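Taking it in order: structure first as structure tokens, then the write-up.
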Amino acid sequence: MGARPKFSDIELISLNLTSEYLSIDSESLLFKKLKSEYREQFPNMIDRTQYNRRKKCLFGYIEWV
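Just so you know, the UniProt record's numbering puts 21 at position 21 of the sequence shown, and the rest follows in order with no gaps.
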């Protein structure tokens with residue numbers, strides 16, 4: 001078993017669903033907003049590249065929810 005990710009799959013799925021609910025269509029805007037307004041709530045935030053890579057891997061779970 002590998003190292004535990006600093007940002008869990010459930011956090012990534014929750015963030016994705018929340019951004020959809022809030023109609024934030026731009027990942028650039030999402031990450032800009034997270035860095036400027038919610039830095040303390042997301043101390044282990046991953047970068048956009050990691051977010052995209054992992055979101056693709058979790059697509060089936062996101063669609064299921």
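Ideal placement from N, C-alpha and C gives every residue a C-beta, glycine not left out.
None of the values given here were measured: they were computed from a predicted structure.
Taking the C-alpha atoms as reference points, what is the distance between CYS57 and GLU63?
-> Residue numbering aside, residue 57 sits at position 57 when the sequence shown is read from its first letter. Residue numbering aside, residue 63 sits at position 63 when the sequence shown is read from its first letter. Cα-Cα distance, rounded: 12 Å.
Hey, would you say ASN52 sits closer than 8 Å to LYS6, going by beta carbons?
-> Against the sequence shown, residue 52 aligns to sequence position 52. Against the sequence shown, residue 6 aligns to sequence position 6. Contact: no.
Inter-residue Cα distance where the pair is TYR21 and GLY2 | The residue labelled residue 21 in the question sits at position 21 within the sequence shown. The residue labelled residue 2 in the question sits at position 2 within the sequence shown. Rounded to the nearest angstrom, the two C-alpha atoms are 32 Å apart.
Where does LEU12 land, buried or exposed, given buried means 16+ other C-beta within 10 angstroms?
-> Taking the sequence shown and counting its residues from 1, one reaches residue 12 at position 12. The residue in question, LEU12, is buried, as its Cβ has 16 or more Cβ neighbours within 10 Å.
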